[in-house]
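To start, the structure itself, in structure tokens.
In the working numbering, the protein residues as written are -7 to 334.
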């Protein structure tokens, strides 16, 4: 005797991709399925039956495939998390070995993945309003030439200088931030760099001053028969104004080297030798120095960060900054006199 084991779902046909499975009717599995499904046997020939795939079987296969996909996605996510963790560990190691007293930042601007998307995302981050300017400056600088990074500063040029072992107090740590060369040590020296607000300087400050000076030259000097001394005086004060602006924007404001050990010159009664620990930069600093969160550096004799000149103002660029302010006032007064009275 033979029997056909068949379970049909009303209104549905079995999937065409599924091939029927041939089972022996006399097998224990077939008898057990008969009893559970309540099917009857009929005498027919040949002695085999066709078992149709049910909807429950299709659902089980789909659930298994879905579970496999979820496990694969979870595995990939875990792999990405591991890679990000390894990158963060490498960033921390490079930051700790940096010779500069800077806050934690990624080693290079390439690691920052600067793009228009990151710029737009930074615009929505109101807790750090200076970042849009920084990303915009990064897009401008990194697209023109390869630049280095110290904190949030853009290093356009630096060189390695030698120093004697007895000058290690100037570096903070005798082992970090320097390499040996012929019995002496080398450490980087910043020569040309711009701050995170340089985009403001290049798109607002410089164009406005240049346009106003050009207008003065055309309206007040070009069409007037002026004494050569007046023309020379205007040219000198205008040139010094622009030179002072660029000297302030593109020079080192006074970024200190990292000091992980308390210097031997420490003296609490002397403001210039009263060294204090700074957590952000993991370095000792003089009382007159300050950590600036916008440039992410400890700046010697820090005064403020000026967006119009694009950078922080400290001991090393303070003279050029003051000179810029004085000659800016002279130039504006000179231009007004030329336009109004001549």
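Quick reminder that beta carbons are idealized off the backbone N, C-alpha and C, glycines included.
Source: prediction; values computed, not measured.
Practice task
Starting from residue 253, follow its DSSP beta bridges and name the residues at the other end.
Solution key: DSSP output for residue 253 lists no bridge partner at all.
Practice task
Please report the Cβ distance between residue 186 and residue 148, rounded to the nearest whole angstrom; I am assuming they are in contact, meaning their Cβ atoms lie under 8 Å.
Solution key: 7 Å
Practice task
On a CA-only basis, which of 258, 274, 284 and 234 is nearest residue 252? Give me that one, please.
Solution key: 274
Exercise for the section: Report yes if the CB atom of residue 302 is closer than 8 Å to the CB atom of residue 142, and no otherwise. Expected result: no
Problem - Heavy atom of the ligand PLP within 7 Å of residue 83 beta-carbon - result: In the structure on display, the ligand PLP does not appear, and there are no ligands present to speak of.
Handout entry: Through-space distance from residue 300 to residue 96, alpha-carbon basis
Key = 25 Å
Handout entry: N-terminal and C-terminal residue of the beta strand (DSSP E) that residue 284 is part of
Key = 282 to 284
Exercise for the section: Measure the beta-carbon distance from residue 292 to residue 304 and round it to whole angstroms, keeping in mind my assumption that it falls under 8 Å. Expected result: So it is not a contact: roughly 10 Å between Cβ atoms.
Handout entry: Residue range of the unbroken beta strand (DSSP E) whose run includes residue 290
Key = 289 to 291
Exercise for the section: Report yes if the CB atom of residue 308 is closer than 8 Å to the CB atom of residue 255, and no otherwise. Expected result: no
Handout entry: Strand pairing of residue 304, partner residues [DSSP]
Key = 297
Exercise for the section: Keeping to the same chain, check which residues put their C-beta closer than 8 Å to that of residue 223; ignore five residues upstream and five downstream. Expected result: 213
Practice task
Report the rounded CA-to-CA distance for residue 89 versus residue 207, giving the unit in angstroms.
Solution key: 51 Å
Problem - Range covered by the alpha helix (DSSP H) that runs through residue 314 - result: 310 to 333
Exercise for the section: Please report the residue range of the beta strand (DSSP E) in which residue 150 lies. Expected result: 145 to 155
Exercise for the section: Could you tell me how far apart the beta carbons of residue 290 and residue 93 are, in whole angstroms, since I believe they sit closer than 8 Å? Expected result: 4 Å
Handout entry: Cut-off 8 Å between Cβ atoms - residues of its own chain near residue 51, not counting five sequence neighbours on either side
Key = none
Handout entry: Beta-bridge pairing of residue 61 - partner residues as DSSP gives them
Key = Residue 61 is not bridged to any residue.
Problem - CB contact flag (residue 194, residue 316, <8 Å) - result: no
Handout entry: Buried versus exposed call for residue 59 [16 or more other C-beta atoms within 10 Å across all chains shown]
Key = exposed
Exercise for the section: To the nearest angstrom, report how far apart residue 268 and residue 287 are at their CA atoms. Expected result: 20 Å
Practice task
Could you say which of 295, 54 and 283 lies nearest to residue 271 if we only look at CA atoms?
Solution key: 283
Practice task
Note down, in chain order, each residue of its chain lying with its Cβ closer than 7 Å to the Cβ of residue 151, except the 5 sequence neighbours on either side.
Solution key: 181 and 183
Exercise for the section: Please classify residue 185: does DSSP put it in a helix, a strand, or coil? Expected result: strand
Problem - Host alpha helix (DSSP H) of residue 221 (start-end) - result: 220 to 241
Handout entry: Inter-residue Cα distance where the pair is residue 146 and residue 140
Key = 6 Å
Practice task
Could you tell me which residues DSSP pairs with residue 276 in its beta bridges?
Solution key: 269
Handout entry: Option in 80, 201 and 242 with minimal Cα separation from residue 323
Key = 201
Practice task
Counting only the same chain and skipping the five closest in sequence on each side, list residues whose C-beta sits under 7 Å from that of residue 229.
Solution key: 319, 322, 323 and 326
Exercise for the section: Tell whether a beta-carbon distance below 8 Å holds between residue 345 and residue 278. Expected result: The first residue shown for the chain is -7 and the last is 334, placing residue 345 beyond what the model contains.
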